[in-house]
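J.: Those sequence lines, one after another, are chains A and B.
Every letter in the first sequence is one number past the one before it in our numbering, and letter 28, counting from 1, is 347.
Every letter in the second sequence is one number past the one before it in our numbering, and letter 345, counting from 1, is 577.
The beta-carbon is built from N, C-alpha and C at its ideal position, and this holds for glycine as well.
No experiment lies behind these values; they were computed from the predicted model shown.
The structure follows.
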Amino acid sequence: MRKLRRLKYLPIGAFLTVYFLLILWGWLDIFPRQWREVPPRTIVSQYYPPSVAHPLGIFFQKDLLISFVKSAPSSFVAGTITLLPFLVFGILLGVGSSMKQGSLQQLCHRLIEIMNAFPKLVVLLIYAALFGVNIYSLLILFGIISAPKLAELIRGKILELKREDFIDATIALGLPIRTIVFKHILWYHGRNIVASQIFYIFAMAVLMEASLSYLNLGIRYGYYSWGLMLHYATSVGHLSFFRWPWHPDFNLPAVLPSVGLIGLTYCLMYISRLIQEREMQMKGIL
Amino acid sequence: MKPLLEVENLTVAIQRQNQLLYPAYRVQFEVEVGEFVGIVGESGSGKTVTILSLLGLENFYPGVIGGQVRFRFRDGEVSILDRLDDFVRFQNGMPHKNVIGWRRSIHRISRNLLGRKVAIILQDSQKTLNPFLKIHQHLREMILHNVETARQPQNPPGRPLSLMSFVRRQQPAFDTPVSPVALDAVQEEAIRLLRRVQFREPMRVMNAYPHELSGGMCQRISIALALATRPEFLVLDEPTTGLDVTLQASLTDLLFEIRQRESMSGIVISHDLPFISRITDRVVVMFSGEIWEIGPVKEIMHPEFPWKHPYTRFLLQSATSHQGARNGVFVPRLEQRKRKGCILRAECPLYRQVKKAAFRKKCDTRWPEFFQVYPRHHIRCWAFENEGSVK
Ligand code: SF4
Numbered sequence: 320m321r322k323l324r325r326l327k328y329l330p331i332g333a334f335l336t337v338y339f340l341l342i343l344w345g346w347l348d349i350f351p352r353q354w355r356e357v358p359p360r361t362i363v364s365q366y367y368p369p370s371v372a373h374p375l376g377i378f379f380q381k382d383l384l385i386s387f388v389k390s391a392p393s394s395f396v397a398g399t400i401t402l403l404p405f406l407v408f409g410i411l412l413g414v415g416s417s418m419k420q421g422s423l424q425q426l427c428h429r430l431i432e433i434m435n436a437f438p439k440l441v442v443l444l445i446y447a448a449l450f451g452v453n454i455y456s457l458l459i460l461f462g463i464i465s466a467p468k469l470a471e472l473i474r475g476k477i478l479e480l481k482r483e484d485f486i487d488a489t490i491a492l493g494l495p496i497r498t499i500v501f502k503h504i505l506w507y508h509g510r511n512i513v514a515s516q517i518f519y520i521f522a523m524a525v526l527m528e529a530s531l532s533y534l535n536l537g538i539r540y541g542y543y544s545w546g547l548m549l550h551y552a553t554s555v556g557h558l559s560f561f562r563w564p565w566h567p568d569f570n571l572p573a574v575l576p577s578v579g580l581i582g583l584t585y586c587l588m589y590i591s592r593l594i595q596e597r598e599m600q601m602k603g604i605l
Numbered sequence: 233m234k235p236l237l238e239v240e241n242l243t244v245a246i247q248r249q250n251q252l253l254y255p256a257y258r259v260q261f262e263v264e265v266g267e268f269v270g271i272v273g274e275s276g277s278g279k280t281v282t283i284l285s286l287l288g289l290e291n292f293y294p295g296v297i298g299g300q301v302r303f304r305f306r307d308g309e310v311s312i313l314d315r316l317d318d319f320v321r322f323q324n325g326m327p328h329k330n331v332i333g334w335r336r337s338i339h340r341i342s343r344n345l346l347g348r349k350v351a352i353i354l355q356d357s358q359k360t361l362n363p364f365l366k367i368h369q370h371l372r373e374m375i376l377h378n379v380e381t382a383r384q385p386q387n388p389p390g391r392p393l394s395l396m397s398f399v400r401r402q403q404p405a406f407d408t409p410v411s412p413v414a415l416d417a418v419q420e421e422a423i424r425l426l427r428r429v430q431f432r433e434p435m436r437v438m439n440a441y442p443h444e445l446s447g448g449m450c451q452r453i454s455i456a457l458a459l460a461t462r463p464e465f466l467v468l469d470e471p472t473t474g475l476d477v478t479l480q481a482s483l484t485d486l487l488f489e490i491r492q493r494e495s496m497s498g499i500v501i502s503h504d505l506p507f508i509s510r511i512t513d514r515v516v517v518m519f520s521g522e523i524w525e526i527g528p529v530k531e532i533m534h535p536e537f538p539w540k541h542p543y544t545r546f547l548l549q550s551a552t553s554h555q556g557a558r559n560g561v562f563v564p565r566l567e568q569r570k571r572k573g574c575i576l577r578a579e580c581p582l583y584r585q586v587k588k589a590a591f592r593k594k595c596d597t598r599w600p601e602f603f604q605v606y607p608r609h610h611i612r613c614w615a616f617e618n619e620g621s622v623k
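Next comes the structure, spelled out in structure tokens:
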């Protein structure tokens with residue numbers, strides 16, 4: 320039984336290993352020469368089915384496998400860019416809103432409420448309309464407007480622990496408040512929350528990047544992204560369809576990034592849930 | 233010689249709807265240098281509120297609304313409630329307090345005291361130690377914090393910090409990297425502290441988490457943490473609560489020995505009367521937020537000593553047998569303060585038994601005053617108006 324339970328981690332571990340190998344491969348940019356060699360552009364020669372020289376075929380003058388591999392680092396970069404503002408704003412808002420009554424606490428509360436009130440995608444679209452399309456600034460904005468989720472969890476943790484005797488004792492022994500908040504509360508007791516939220520926001524950022532690129536608001540033509548692959552797959556209509564041997568409507572450029580996105584987000588969300596579960600077990604809730 | 237701690241008319245209030253309750257009302261006592269004062273009384277009598285308030289740690293509205301608290305340490309005097317009037321104003325008899333401003337002001341003062349001059353040991357030490365930290369991490373944190381604070385200049389009380397001096401004195405939230413030599417010194421100090429609180433195998437304890445230790449061991453760790461700050465004034469809040477009798481005895485011995493050797497002053501709050509009589513020099517008896525008797529421990533705890541407040545008598549009786557409580561000698565409530573006369577009279581044996589006594593009229597009409605019955609021994613009771621009249 321225990322062996323079986325361990326087996327459930329196998330697909331997740333395997334998928335994440337493949338993902339990180341893809342990132343490495345994409346960054347190193349090492350591909351066989353024949354994959355790079357695509358036939359000259361003609362209206363007919365843009366789309367080629369899989370062959371020995373191009374294992375997944377050619378799509379929009381690009382080898383599909385190269386596009387898929389080189390898109391993996393984009394998703395990783397998107398997650399990383401979103402992470403930093405998410406953590407900084409989330410922690411600051413969480414700590415600020417759990418302080419004693421005062422103008423700063425009120426300000427943090429109102430900010431959290433306002434940020435929660437607007438749908439994230441709409442905010443991003445308005446920003447893109449006002450300030451132009453820049454995927455980096457859009458992802459930073461996405462990190463900031465997602466921060467209230469982390470802030471609320473941190474606030475809950477601080478308010479819960481504030482009543483604990485050991486926090487009273489540290490105050491009574493004269494430790495500075497920031498040591499108590501950042502070290503005793505957030506580091507020793509809240510790091511599980513932060514870790515689970517890191518995986519969560521990473522998955523969300525990968526999806527958001529794909530969504531924005533799909534809407535043509537993200538990564539530009541000429542670069543590589545799974546969202547952009549989806550965009551190509553749908554935007555060129557009948558031309559993007561490969562006549563796959565066993566199903567006439569099989570759309571490989573759409574299936575490939577979709578599998579990648581679903582697998583990756585599932586893995587990250589699952590890890591996030593595992594961390595949350597473990598914390599609840601430690602508390603004796605589960 | 234002037235006392236180390238002087239508390240004058242300390243009044244603490246709690247607002248419940250439109251009612252004002254006084255968990256501490258005009259509390260007045262002092263602690264001499266090298267003296268330990270015990271505060272006894274039943275639960276809810278205002279012992280802990282008094283202590284928290286005089287260190288600026290109370291957190292209810294409106295909290296402290298009057299009085300003065302003055303510490304005289306070796307290197308200077310600190311008045312805690314000097315600026316209280318700036319934050320409290322009375323309207324139709326109800327206090328209105330700018331709590332945010334007050335907390336900011338008091339925090340600045342208490343930050344200079346806690347962990348520097350004053351250390352507090354709270355009850356139930358197993359809960360007062362961070363469950364995620366090993367004992368050596370607790371000790372290391374306190375020792376390094378102590379070194380850090382010793383280096384910093386103190387805040388001039390009452391004067392706001394300039395931005396630059398505030399930025400300059402910010403300590404990192406996490407321990408800064410410490411050189412291996414300094415780390416050795418920290419470890420040595422930790423071992424010394426653990427030996428000081430009678431741990432024979434400090435290394436074994438250092439690597440344990442709090443839940444792996446017994447209640448008595450955790451209490452000794454708390455004492456070691458308090459000693460790490462090298463305080464001049466120690467506050468012990470029910471240190472023997474939750475310990476079995478043997479552990480209580482050994483802890484009492486340990487605290488007595490530390491007290492003698494370090495020549496510290498302090499306040500002890502406890503229900504445990506034998507502990508109080510062993511460790512303290514004077515005792516304050518509190519009930520319903522007020523002090524009713526204050527005097528040397530030998531006199532108050534002595535069963536044959538003639539001048540004793542009826543409530544103190546009741547407390548001592550309750551400690552040895554459950555008779556007092558079962559007979560319902562005293563069941564006074566806070567609301568009784570509003571009535572005229574002494575709040576204890578409904579249950580007071582002196583008032584009930586001595587029917588023709590002259591003081592009964594005063595008991596009915598006037599709030600009792602303090603009378604000196606012996607040198608440094610005061611009792612708040614009309615029966616003692618003429619010193620020693622009632623035995
Ligand atoms: S003042 Fe009167 S009623 Fe109150 S304790 Fe003394 S004797 Fe009893």
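Answer with yes or no whether the minimum CB distance from K540 (chain B) to chain A is below 9 Å.
T.: No, K540 (chain B) does not count as interfacial toward chain A.
J.: So with CB distances below 8 Å, who are the chain B contacts of Y507 (chain A)?
T.: What Y507 (chain A) touches in chain B: N362, F364 and L365.
J.: Answer yes or no: the CB of P538 (chain B) versus the heavy atoms of the ligand SF4, is any distance below 8 Å?
T.: No, the Cβ of P538 (chain B) stays beyond 8 Å of every heavy atom of the ligand SF4.
J.: Determine the direct distance from the alpha carbon of A551 (chain B) to that of E421 (chain B), and round the result to whole angstroms.
T.: E421 (chain B) and A551 (chain B): Cα-Cα distance of roughly 40 Å.
J.: For P374 (chain A), count neighbouring Cβ atoms within 10 angstroms of its own Cβ and tell me buried if that reaches 16, exposed if not.
T.: So P374 (chain A) counts as exposed.
J.: Assign D484 (chain A) to one of three DSSP states: helix, strand, or coil.
T.: Residue state, collapsed to three classes: helix.
J.: Give the residues of chain B in contact with Q600 (chain A), contact being defined as C-beta atoms less than 7 Å apart.
T.: None at all; the shortest Cβ gap to chain B is about 15 Å.
J.: Select from the segment 485 to 496 of chain A all residues with a C-beta closer than 8 Å to any C-beta belonging to chain B, and list them in chain order.
T.: For the segment 485 to 496 of chain A, which is checked against every Cβ of chain B, the residues closer than 8 Å are F485, D487, A488, T489, I490, A491, L492, G493, L494 and P495.
J.: Give me the Cα-Cα distance between S386 (chain A) and S544 (chain A), rounded to the nearest whole angstrom.
T.: Cα to Cα, S386 (chain A) sits roughly 8 Å from S544 (chain A).
J.: For S372 (chain A), which three-state DSSP category applies?
T.: For the sequence presented, residue 372 (chain A) should be read as Ala rather than Ser. Here A372 (chain A) sits in coil by DSSP.
J.: Under a Cβ-count criterion, where at least 16 other Cβ atoms within 10 Å of its own Cβ denotes burial, should T643 (chain B) be classed as buried or exposed?
T.: Limits of chain B in this structure are 233 at one end and 623 at the other, which puts residue 643 (chain B) out of reach.
J.: Using a Cβ-Cβ distance cut-off of 9 Å, determine whether H428 (chain A) contacts chain B.
T.: No, because no Cβ of chain B sits closer than 9 Å to the Cβ of H428 (chain A).
J.: Pick out whichever of A:A522, A:L526 and A:H550 has its Cα sitting closest to the Cα of L534 (chain A).
T.: Of A:A522, A:L526 and A:H550, the residue nearest in Cα terms is A:H550.
J.: Assign N512 (chain B) to one of two classes, buried (16 or more other C-beta atoms within 10 Å of its C-beta) or exposed (fewer than that).
T.: First, the residue type needs correcting, since residue 512 (chain B) is Thr and not Asn in the sequence shown. So T512 (chain B) ends up on the buried side.
J.: Fully enclosed by the segment 491 to 557 of chain B, which alpha helix (DSSP H) runs are 4 residues long or longer?
T.: Qualifying alpha helix (DSSP H) stretches, in chain order: 505 to 511, 529 to 533 and 542 to 552.
J.: Would you give the residue range spanned by the alpha helix (DSSP H) that V320 (chain B) belongs to?
T.: No alpha helix (DSSP H) holds V320 (chain B); the beta strand (DSSP E) holding it covers V320 to Q323.
J.: Determine the direct distance from the alpha carbon of V442 (chain A) to that of H377 (chain B), and round the result to whole angstroms.
T.: Those two C-alpha atoms are separated by around 45 Å.
J.: Consult DSSP for K329 (chain B) and reduce its assignment to one of helix, strand or coil.
T.: The answer is strand: DSSP assigns K329 (chain B) an E or B state.
J.: Could you tell me whether the Cβ of K419 (chain A) comes closer than 9 Å to any Cβ of chain B?
T.: True, the Cβ-Cβ gap to chain B drops below 9 Å.
J.: Would the beta-carbon of F261 (chain B) fall within 9 Å of that of V239 (chain B)?
T.: It is a contact, given that the beta carbons lie within the stated cut-off.
J.: Run down chain A in chain order and give the residues with a C-beta less than 8 Å from the C-beta of A458 (chain B).
T.: Result: L492.
J.: Go through the segment 441 to 473 of chain B residue by residue and report every complete run of the beta strand (DSSP E) that reaches 3 residues or more, in order.
T.: The qualifying runs are 465 to 469.
J.: Do you know offhand how far G413 (chain A)'s Cα is from F461 (chain A)'s?
T.: C-alpha separation (whole angstroms): 17 Å.
J.: Who are F378 (chain A)'s beta bridge partners in DSSP?
T.: A:K381.
J.: Which residue wins for smallest C-alpha separation from G278 (chain B), given the options B:L253, B:I611 and B:P294?
T.: With distances taken between Cα atoms, G278 (chain B) lies closest to B:L253.
J.: Going by CA-CA distance only, name the one from B:R304, B:T544 and B:D314 that's closest to W524 (chain B).
T.: Considering only alpha carbons, the answer is B:T544.
J.: Would you give the residue range spanned by the alpha helix (DSSP H) that H428 (chain A) belongs to?
T.: Where H428 (chain A) is concerned, the enclosing alpha helix (DSSP H) stretches over S422 to A436.
J.: Secondary structure at H609 (chain B), three-state DSSP: helix, strand or coil?
T.: In this structure, H609 (chain B) counts as strand in the three-state DSSP scheme.
J.: With H, G and I counted as helix, E and B as strand and the rest as coil, what does DSSP make of S417 (chain A)?
T.: Coil, per DSSP.
J.: In its own chain, which residues sit with a C-beta less than 8 Å from the C-beta of L329 (chain A), not counting the 5 before and 5 after it?
T.: Closer than 8 Å at the Cβ level, and outside the excluded window around L329 (chain A), lies no residue.
J.: Return the chain-ordered list of same chain residues with a C-beta closer than 8 Å to the C-beta of P607 (chain B), the five sequence neighbours on each side being excluded.
T.: Excluding residues within five positions, none has a Cβ falling inside 8 Å.
J.: Is it true that the segment 491 to 498 of chain A meets the segment 424 to 439 of chain A, where meeting means three or more beta-carbon pairs spaced less than 8 Å apart?
T.: Counting Cβ pairs under 8 Å, fewer than three are found: no touch.
J.: If you scan the segment 267 to 291 of chain B from start to end, which runs of the beta strand (DSSP E) of 3 or more residues do you find wholly inside it?
T.: Listed in chain order, they are 268 to 272.
J.: Which residues of chain B have a Cβ atom closer than 7 Å to the Cβ of H503 (chain A), listed in chain order?
T.: In chain order: N362.
J.: Using the beta-carbon of each residue, which ones in chain A are nearer than 9 Å to D356 (chain B)?
T.: In chain order: D484.
J.: I want to check one thing, is the minimum distance from the CB of A590 (chain B) to the heavy atoms of the ligand SF4 below 8 Å?
T.: False, no ligand heavy atom lies under 8 Å from that Cβ.
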